[in-house]
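Below is one structure, written out as structure tokens; the observations come after it.
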């Protein structure tokens, strides 16, 4: 930054010096023009007078028709202000301004030449000593002033930058104090409404999302540990009992059969957690394709036909409907809803398709059981969410959470409600093909 400022100041000094030099030349030309009338009057007396008397420190000469020097001011003596060629040029173009530098003094002179009557040419000049002195003073001022200005600019910039970055350092130090265990803390917001204020707000929003994600992850790990502990403990107890004494063949077979059920439950729980983890990371493999709704619902009902529950399929869409989805994942979501209705509901399970708009198809699974409690309805799609009456079955509370994750991954939405007259209903809204 200091080097850039130095370059700018140096360029400014050069421009200022050059402009001041040009202004001095213009002022000299104006003064020479003002003296032109007086010198023209003196030129008429040239035949009788070889010396010209000009006020101040002005210089003047008169050249005759033959380009000879006819009169001059005392300071010039026989030094010519114009060469014969320049005299001819001035005579050929009356009132034309001709400038040159001559060595009449240490710094030369500024000359103006013009033709007068009788073929004579008058040249007037101004010594450049005063001009050079003024330029030298300006150069001295710039030599002293520019480094001082650079130092002042650097000091001011340092102070301004320090004042501007002080809130940033405060925010940085506060951020360094926030650890994984206290993500509920927030960065101090300046409240100035500028970019730093908006950046702090964005970082606080990020901390909020991280805090929520970490809390959700901790809750899932805690719940998963609890859910895994139960079947593992039961399995271990069964095996410990089987090892006591000398069980007969039928008792051992019974223990193995029960242990197999525990292992299957563990496998289902592990698969469910894997699906949720992949959905959270956006890495759930999907193969969208057009899927006929009638076939989809009938296949879902067929997979659960031997469960002992009555299942009915109804498509309330004239001419049928086709959705764009991964048939395996959408089928998995419907399976979870059917199993959930069979475990916690009663009466026949209905699978219904409707089309509330040309771009959306709704797939509903309902039952005639007690429905959702008010407390469970608000968090039905949370992981490990279970109602008070769920203890009669061995569900882990992941079914509806997986349904929500799969539906979101397919670009749809899900909602839960209680039916009029009793029963629960869960509806998937998926894009139509």
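Numbering (my numbering), first residue to last: 15 to 447.
Each residue gets a CB set at the ideal place from its N, CA and C atoms; glycine is no exception.
Can you give me the C-alpha to C-alpha distance between residue i and residue j, rounded to a whole angstrom?
{"i": "residue 178", "j": "residue 172", "result": "10 Å"}
{"i": "residue 228", "j": "residue 428", "result": "24 Å"}
{"i": "residue 205", "j": "residue 294", "result": "34 Å"}
{"i": "residue 422", "j": "residue 281", "result": "24 Å"}
{"i": "residue 33", "j": "residue 155", "result": "15 Å"}
{"i": "residue 351", "j": "residue 339", "result": "17 Å"}
{"i": "residue 246", "j": "residue 278", "result": "11 Å"}
{"i": "residue 133", "j": "residue 105", "result": "7 Å"}
{"i": "residue 98", "j": "residue 19", "result": "51 Å"}
{"i": "residue 257", "j": "residue 297", "result": "44 Å"}
{"i": "residue 27", "j": "residue 21", "result": "10 Å"}
{"i": "residue 215", "j": "residue 436", "result": "47 Å"}
{"i": "residue 303", "j": "residue 371", "result": "20 Å"}
{"i": "residue 434", "j": "residue 379", "result": "14 Å"}
{"i": "residue 30", "j": "residue 37", "result": "10 Å"}
{"i": "residue 157", "j": "residue 44", "result": "30 Å"}
{"i": "residue 188", "j": "residue 226", "result": "20 Å"}
Can the beta-carbon of residue i be found closer than 9 Å to that of residue j?
{"i": "residue 10", "j": "residue 388", "result": "The requested residue 10 is not part of the displayed model; the chain covers only 15 to 447."}
{"i": "residue 430", "j": "residue 414", "result": "yes"}
{"i": "residue 363", "j": "residue 444", "result": "no"}
{"i": "residue 397", "j": "residue 377", "result": "no"}
{"i": "residue 335", "j": "residue 327", "result": "no"}
{"i": "residue 347", "j": "residue 417", "result": "yes"}
{"i": "residue 218", "j": "residue 243", "result": "no"}
{"i": "residue 24", "j": "residue 152", "result": "no"}
{"i": "residue 375", "j": "residue 341", "result": "no"}
{"i": "residue 343", "j": "residue 300", "result": "yes"}
{"i": "residue 52", "j": "residue 140", "result": "no"}
{"i": "residue 125", "j": "residue 96", "result": "yes"}
{"i": "residue 314", "j": "residue 365", "result": "yes"}
{"i": "residue 384", "j": "residue 355", "result": "no"}
Quick one: is residue i buried, meaning 16 or more other Cβ sit within 10 Å of its Cβ, or exposed?
{"i": "residue 137", "result": "buried"}
{"i": "residue 386", "result": "buried"}
{"i": "residue 358", "result": "buried"}
{"i": "residue 100", "result": "buried"}
{"i": "residue 77", "result": "buried"}
{"i": "residue 142", "result": "buried"}
{"i": "residue 224", "result": "exposed"}
{"i": "residue 180", "result": "exposed"}
{"i": "residue 46", "result": "buried"}
{"i": "residue 91", "result": "exposed"}
{"i": "residue 369", "result": "buried"}
{"i": "residue 276", "result": "buried"}
{"i": "residue 232", "result": "exposed"}
What is the DSSP secondary structure of residue i, counted as helix, strand or coil?
{"i": "residue 49", "result": "helix"}
{"i": "residue 138", "result": "strand"}
{"i": "residue 232", "result": "helix"}
{"i": "residue 146", "result": "helix"}
{"i": "residue 421", "result": "helix"}
{"i": "residue 427", "result": "strand"}
{"i": "residue 13", "result": "Outside the shown range of the chain, which is 15 to 447, sits residue 13, and nothing can be said about it."}
{"i": "residue 330", "result": "coil"}
{"i": "residue 180", "result": "helix"}
{"i": "residue 373", "result": "coil"}
{"i": "residue 378", "result": "strand"}
{"i": "residue 34", "result": "helix"}
{"i": "residue 169", "result": "helix"}
{"i": "residue 446", "result": "strand"}
{"i": "residue 109", "result": "Note that residue 109 has pLDDT 48, beneath the 50 cutoff, so the model's placement of it is unreliable and the number below is only indicative. Coil."}
For residue i, I'd like the list of residues in its chain whose CB is within less than 6 Å of its CB, leaving aside the five on either flank, ordered along the chain.
{"i": "residue 86", "result": "75"}
{"i": "residue 308", "result": "329 and 334"}
How about residue i: is its C-beta nearer than 9 Å to some C-beta of chain C?
{"i": "residue 357", "result": "Of the chains in the structure shown, none is chain C; there is only one protein chain."}
In chain order, what residues of the same chain have a beta carbon less than 7 Å from the beta carbon of residue i, not counting five sequence neighbours either side?
{"i": "residue 426", "result": "442, 443, 444 and 445"}
{"i": "residue 394", "result": "386, 414 and 430"}
Looking only at its chain, what residues have a beta carbon closer than 8 Å to the beta carbon of residue i, apart from the 5 residues adjacent to it on each side?
{"i": "residue 272", "result": "252"}
{"i": "residue 419", "result": "289, 290, 293, 294 and 298"}
{"i": "residue 203", "result": "211, 214, 215 and 218"}
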